[in-house]
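A short worksheet on the structure shown next.
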Amino acid sequence: MKFKYNIITFVIWIINIIIAIDSLSSYAETPPVQIWLKASWNAPQLVLEILESVAAENSKAYFPLVEEFLRQGLFSSKLTNYEIYKSALDIIEKKKFLSTPTTKSLFEFGLSLHTTAPTIQSYYHYYNSTIIPTRKFSNDEFNPECNVWADWYGNQACNVETLTKFIDTKLDISKATPKLLSFDHIRKSKIYSTQRQSRIIIFIRIWSRIGFKNTEYNLFDDRKVEEETDNVDKESINNSESSDDYLFDQNISEIKPAGEIESLGVKTAQVILESQDPLKTLTQLSQDFPKYSHYISQVPISYSLGQEIEMNQQNLRLEPNSFWLNGLVMDPLSVDPFSLLKLLCRERRTVSSLLNLGLNSNQAIGILSSPIIAKAQSPQDSSRGIFDVRDISPNNNVVVCLNDLEKDSKYSSWPNRIYGLLRPAYPGQLRMIRKNIFSILFILDLSSPENLEIIAEHINAFILRDTPLRFGLVPLFSKDQHDSIAISRIFYYIVDQFGPSTVKKFFKTIYSEIRKPLTIEFLQIVEQEFNKLIYKEVPRIEKLVNSFKEIINGNNTLVEEQIYESSNFIKRLKINTHDKGVLFVNGKFFDLDESHQRNVIQTVNEHLQLKAYVGEIDDTNIYEYLLTLPNIPNRRNPYIFTSELQPLQVINLADDNNNDYDDDNGFSLINNLKYIYSEIDEKVPVTIILISDTIVMTNFGYFQLKANPGVWTLNLREGKSTDIFDIQSVGSEGWLSRNISEIDNEIILNGFEGLTIYPRMIRKSGKENDDVLKTENSNDSEHMFTPKMDEKKGAEINIFSVISGHLYERFLYVMILSVLQHTNSTVKFWFIENFLSPSFKDFIPYMTKEYNFEYELVAYKWPHWLRAQTEKQRNIWGYKILFLDVLFPLDLDKVIFVDADQIVRTDLKELVDMDLQGAPYGYTPFCDNRPEMDDFRFWNHGHLKDHLRGKPYHFGLLFFIINIQFITINNTSYCCHYCHFL
């Protein structure tokens, strides 16, 4: 099947990723919309951005480029930015620091987006917030005014002479060397320092799809369209050699309503594809689409294009809006300029590796966009990346189940009906059902300390906490890896003779021992603990009892059968024996430290819920059902089924005689740059923990932090959280990050995309069963978030409002004045910053000064795990109720929500002083004393009637909240759960 139109399908809805690079902006004389995003930190020197941008494409070029820039005087303050840019580009081209036109284009793209500005700011932040304070405290001779200096074992050298003196002098070298950051540039025996930061305001110029909101929230175009069509226009378009030739030559003074909207996207794609310059046409239409939509709607759809699009939809099961990059299916809504740049860089590396094999560009892209690969990677295919990983060995003893929900007695009290999946639960929460609904299979090198930690700490934690997950384990080894195959034999022997529970304890002991500062070898530790084990435990099969040496030398028949079958299992799934391991979640493949696992269980959960609801699955073996679905292969080919850590492998087919192709089975734009958001996913769902000024949500252990670029530290809030928990790892390196004892508790935020981290918390000894919300004295909960005595006293009335659009912002000004005119109390207004216009944010400080009130802008990014509404206005409404416990400071008592178009006629202090009797919300019940209005009371029928079950409907235009109550009874989590399943 040829995919002639696959990249342009429904193209008008894909243009949200069009970037205004200089080469494109020349096509449009007066672009209709320009977006300028102003960051909240000062811009670095352009020369520093150029250095970092080149290094992003060629890390080895950094220091040679610095030397060239110094020789050419590019660090001089006398040069303009244009002069610096042109001179730098000449040096980069002449010295070939960027070897191909593609890398040069990506460099210019990245530079136009200022992608390295956060990295440079991170250096400054770390220097000013960590280096200078630490040096001042520890060294009286430290000079903070020294602009360029070197550190020599804790001594500051501000010039070459002083550094030479330090080098020649025998100093105390026991002092700690400077701490390296992950984004540092390292050159041995050389010294490099940056210049001072210039105070230039940074602007980012981009193009993106802009959503204009009708104040009446209409979903459809309500303008009347004349029934007669403009025959002259239509005929001219049809007779034109290229439809865009006529479109763009017209002098259009009036924007006419589009005709048939349903097929407008297809017609737009056709106009673009048939134009002489498709990229120019795409750019022109994306900038001024309403102007031409009327005329495009009259274009007849080409039969061949219509057939092609219909065939693509049917065969690839696409969503209405789809986006490909060299055949790789992307989510259009998740692509912003920064993520697009990363994707392009990755594709460039892949294409370059194919070009090195002798292919030309068309052949390389043809391979990447192959229909087979595109279909295999389609996100709409629920079976993509799933493999039949069932144990097919003769004795079914290759995969070792460390727990079994259907057989183990500890789960005997759980209900065992699959229809329990339909019971309400928090998003991400797993139902306690005595079925092996979720099976996680680890294939691990058991000689790796990191993997032993997975078994000893992580898997054991899940099992001890009765998480409804079944865990399986297969050892990973090869015959040339002595330690790996030896520990694999010991593993199977202990399972055969003493059972899975014993092997879990055994590995926990091994992990504890190898963490000690011992000098003996790994296998010596294993042998030592093995001998202790067999002395205490009673074997199941007396005739197969062997010593440690006999087992690792292959003298146990049963174990050797398992080793042979597990080797076949590893080969069948093509697991690289030199890696640390992989995992499969209900058959779905993941790299061991890949971050996508956070969504897997939720995705499978929703898929199974639907199957249970329509009756496709019952109380039979769920695992068997999932892995025997059509198109589930029982073998894996790494050349086709790729991953982040195992990308497309470039091979020379002529030289590789071991290829294993099977014909039967087949081969995350924030418009507000005041802060950069970091999402945090806790690996084990926990109760609420307070971290800084935010709260960990109960369902996913999820929270957000917002900060400027820099090097930050993550700490628990003092109080109950620190009494019960310790931070084991901040999770800055991914799913299996090292502990803070190795890499400290620092988080580096050096990109516009933010950062997702996976912190791990552990309970302190003796606090295993403590609840962070419960205290010995019932009154203590009132003081959990008491502000410090020296903090500024807050306003007496706090008002919260959500607005979007200029009309409602004008309403809001009236509402503010109506509140102030009816009270003598101090007032503070809280606004959701996500939806405010720049003009409002510019004007509100002047209004505050004139009318003497306070205000604060709060923001929260919609969590990735919570299903977002497709209509923007419904998302805006969601902010009124879903995130109230994480929007406001923890010491805030009551907040009154007032809709923007309300006029207040009394003192709201009455509501502040009202006793809510412990309730988290106070709503106004809707009146029902006018029978003539019954037909308009939508809550008296349908879903709301069933949900209310006779209770009164409460109006949500005015309500108030007690934050402590939210935290205590988890109302917000319940609201998120309810929204998620609407």
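In full-length UniProt numbering, the protein residues as written are 1 to 982. Positions of the beta carbon are idealized from the N, C-alpha and C atoms, including for glycine. Model, not experiment: these values are computed from the prediction.
Those residues which DSSP pairs with S801 across a bridge: As a first step, residue 801 must be located in the sequence shown, where it is residue number 801. Beta-bridge partners assigned by DSSP to S801: F831.
Alpha-carbon to alpha-carbon, R489 and L446: If you number the sequence shown from 1, residue 446 lands on position 446. If you number the sequence shown from 1, residue 489 lands on position 489. Those two C-alpha atoms are separated by around 10 angstroms.
Does K280 have its Cβ less than 7 angstroms from a Cβ in chain B? Note that chain B does not occur in the displayed structure, where there is just one protein chain.
Determine the closest residue to T924 out of G385, F897, V329 and M933, with distance taken between C-alpha atoms. Taking the sequence shown and counting its residues from 1, one reaches residue 924 at position 924. Comparing Cα positions, the closest option is F897.
In whole angstroms, what is the alpha-carbon distance linking T906 and Y855? The residue labelled residue 906 in the question sits at position 906 within the sequence shown. The residue labelled residue 855 in the question sits at position 855 within the sequence shown. Rounded to the nearest angstrom, the two C-alpha atoms are 20 angstroms apart.
For the alpha helix (DSSP H) containing G751, list its first residue and its last residue. Here residue 751 is taken as the residue at index 751 of the sequence shown, counted from 1. Element bounds for G751: n/a, residue is neither H nor E.
Apart from the five residues on each side of it in sequence, which residues of its chain come closer than 6 angstroms, Cβ to Cβ, to K611? Position 611 of the sequence shown, counted from the first residue, corresponds to residue 611. Shown here for K611: same chain residues with a beta carbon closer than 6 angstroms to its own, the five before and five after excluded, namely I617 in chain order.
Quick check on H806: buried or exposed, where buried means 16 or more other Cβ atoms within 10 Å of its Cβ? Residue 806 sits at position 806 when you count from the first residue of the sequence shown. Burial call: exposed.
From what residue to what residue does the beta strand (DSSP E) around residue 983 run? It is not possible to answer for residue 983, since the shown part of the chain is limited to 1 through 982.
Cβ pair residue 995, A900 closer than 7 angstroms: This structure does not reach residue 995, given that the chain is present from 1 up to 982, and the question cannot be answered.
Host alpha helix (DSSP H) of N81 (start-end): Position 81 of the sequence shown, counted from the start, is the residue given in the question as residue 81. Counting along the chain, the alpha helix (DSSP H) containing N81 begins and ends at N81 to K94.
Can you check whether the CB of P144 is closer than 7 angstroms to the CB of T132? Residue numbering aside, residue 132 sits at position 132 when the sequence shown is read from its first letter. Residue numbering aside, residue 144 sits at position 144 when the sequence shown is read from its first letter. According to the sequence displayed, residue 132 carries Ile and not Thr. By the CB criterion at 7 angstroms, I132 and P144 fall inside the cutoff.
Who are the Cβ neighbours of N652 in its own chain at under 7 angstroms, not counting the five residues just before and after it? For this step, residue 652 is matched to residue 652 along the sequence shown. Model confidence at N652 stands at a pLDDT of 47, short of 50, so the residue's coordinates are unreliable; what they give is reported in the following sentence. Cβ within range, chain order: L357.
Span separating the alpha-carbon of V329 from that of D928: As a working note, residue 329 is residue 329 in the sequence shown. As a working note, residue 928 is residue 928 in the sequence shown. About 52 angstroms.
Measure the alpha-carbon distance for E67 versus R187 and round it to whole angstroms. Mapped onto the sequence shown, residue 67 falls at position 67. Mapped onto the sequence shown, residue 187 falls at position 187. One Cα belongs to E67, the other to R187, and the distance between them is close to 13 angstroms.
In chain order, what are the residue ranges of uninterrupted beta strand (DSSP E) at least 3 long that sit wholly in the UniProt domain "UGGT thioredoxin-like" (259 to 378)? Runs of the beta strand (DSSP E) inside the UniProt domain "UGGT thioredoxin-like" (259 to 378): 323 to 325 and 328 to 330.
Is it the case that the Cβ atoms of V895 and N824 are separated by a distance below 7 angstroms? Position 895 of the sequence shown holds residue 895. Position 824 of the sequence shown holds residue 824. In this structure, the beta-carbon distance from V895 to N824 does not fall below 7 angstroms.
Could you have a look at M432 and say whether DSSP puts it in helix, strand or coil? Working through the sequence shown from its first residue, we reach residue 432 at position 432. The answer is coil: DSSP assigns M432 none of H, G, I, E or B.
DSSP three-state label for C976, please. In the sequence shown, counting from the first residue as 1, residue 976 sits at position 976. Note: C976 maps to helix in three-state DSSP.
Whole-angstrom C-beta distance between P332 and F323, which should lie under 8 angstroms: The residue labelled residue 323 in the question sits at position 323 within the sequence shown. The residue labelled residue 332 in the question sits at position 332 within the sequence shown. About 4 angstroms separates the Cβ atoms of F323 and P332, confirming a contact at the 8 angstroms cut-off.
Inter-residue Cα distance where the pair is P257 and T115: By one-based count along the sequence shown, residue 257 stands at place 257. By one-based count along the sequence shown, residue 115 stands at place 115. Whole-angstrom Cα-Cα distance: 40 angstroms.
Pull up the CB-CB distance for I443 and V474, whole angstroms please, since I reckon it's below 8 angstroms. Along the sequence shown, one-based indexing puts residue 443 at 443. Along the sequence shown, one-based indexing puts residue 474 at 474. Confirmed, Cβ separation roughly 5 angstroms.
Note down the Cα distance separating I712 from C975, rounded to an integer number of angstroms. Here residue 712 corresponds to residue number 712 of the sequence shown, with the count starting at 1. Here residue 975 corresponds to residue number 975 of the sequence shown, with the count starting at 1. Inspection of the sequence shows that residue 712 is occupied by Trp rather than by Ile. Using only the alpha carbons, I get a separation of about 32 angstroms.
For N451, count the other beta carbons within 10 Å of its own beta carbon; 16 or more makes it buried, fewer makes it exposed. Which is it? Position 451 of the sequence shown holds residue 451. With a 10 Å radius around the Cβ and a threshold of 16 neighbouring Cβ atoms, N451 comes out buried.
Go through its chain and collect everything with a Cβ distance to C979's Cβ below 8 angstroms, but skip five positions before and after it. As a working mapping, residue 979 is identified with position 979 in the sequence shown. Result list for C979: L866, R867, G878 and L882, in chain order.
For the alpha helix (DSSP H) containing G942, name the first residue and the last one. Locating residue 942 in the sequence shown gives position 942, counting from the first residue. Where G942 is concerned, the enclosing alpha helix (DSSP H) stretches over G942 to L948.
Whole-angstrom C-beta distance between E347 and L325, which should lie under 8 angstroms: Position 325 of the sequence shown, counted from the first residue, corresponds to residue 325. Position 347 of the sequence shown, counted from the first residue, corresponds to residue 347. Between L325 and E347 a beta carbon distance of about 6 angstroms is seen, short of the 8 angstroms cut, so the two are scored as contacting.
Hey, would you say I440 sits closer than 7 angstroms to L405, going by beta carbons? Your numbering for residue 440 matches position 440 in the sequence shown. Your numbering for residue 405 matches position 405 in the sequence shown. No. Outside cutoff.
If contacts are defined as beta-carbon pairs under 8 angstroms, then G327 and L354 qualify, I think. What distance do you get, rounded to the angstrom? Mapped onto the sequence shown, residue 327 falls at position 327. Mapped onto the sequence shown, residue 354 falls at position 354. For G327 against L354, the beta-carbon gap comes to about 13 angstroms, at or over 8 angstroms, which does not count as contact.
Which class does W862 belong to by DSSP, given the choice of helix, strand or coil? By 1-based counting over the sequence shown, the position of residue 862 is 862. Residue state, collapsed to three classes: coil.
Rounded separation between I191 and S512 - CA only: The count along the sequence shown starts at 1 and reaches residue 191 at position 191. The count along the sequence shown starts at 1 and reaches residue 512 at position 512. Residue placement at I191 is poorly supported in this model, since its pLDDT is 42, which falls under 50; the coordinates still yield a value, given next. Using only the alpha carbons, I get a separation of about 42 angstroms.
Please report the straight-line C-alpha distance between W207 and L341, rounded to a whole angstrom. In the sequence shown, residue 207 corresponds to position 207, counting from 1. In the sequence shown, residue 341 corresponds to position 341, counting from 1. Below a pLDDT of 50, predicted positions are generally treated as unreliable, and W207, at 26, falls in that range; the measurement from the model is reported next regardless. Distance from the CA of W207 to the CA of L341, rounded to the nearest whole angstrom, comes to 14 angstroms.
So for T229, helix, strand or coil by DSSP? For the purposes of this step, residue 229 is taken as the residue at position 229 of the sequence shown. Residue confidence for T229 is low, a pLDDT of 44 falling below 50, so the modelled location carries little weight; the figure read from the coordinates is stated next. T229: coil per DSSP, three-state reduction.
Closest residue to T134 among Q156, L113 and P118 (Cα-Cα distance): Counting from one through the sequence shown, the residue named residue 134 turns up at place 134. When the alpha-carbon of T134 is set against those of Q156, L113 and P118, the nearest one is in Q156.
Rounded to whole angstroms, what is the Cα-Cα separation between E216 and A117? As a working note, residue 216 is residue 216 in the sequence shown. As a working note, residue 117 is residue 117 in the sequence shown. With a pLDDT of 37 at E216, under the threshold of 50, the predicted position of this residue should be treated as unreliable, though the coordinate-derived value follows. Each residue's alpha carbon lies about 40 angstroms from the other.
To the nearest angstrom, how far is the alpha carbon of K706 from that of S801? As a first step, residue 706 is located in the sequence shown; it is residue number 706 there, counting from the start. As a first step, residue 801 is located in the sequence shown; it is residue number 801 there, counting from the start. Spanning the two alpha carbons is a distance of roughly 21 angstroms.
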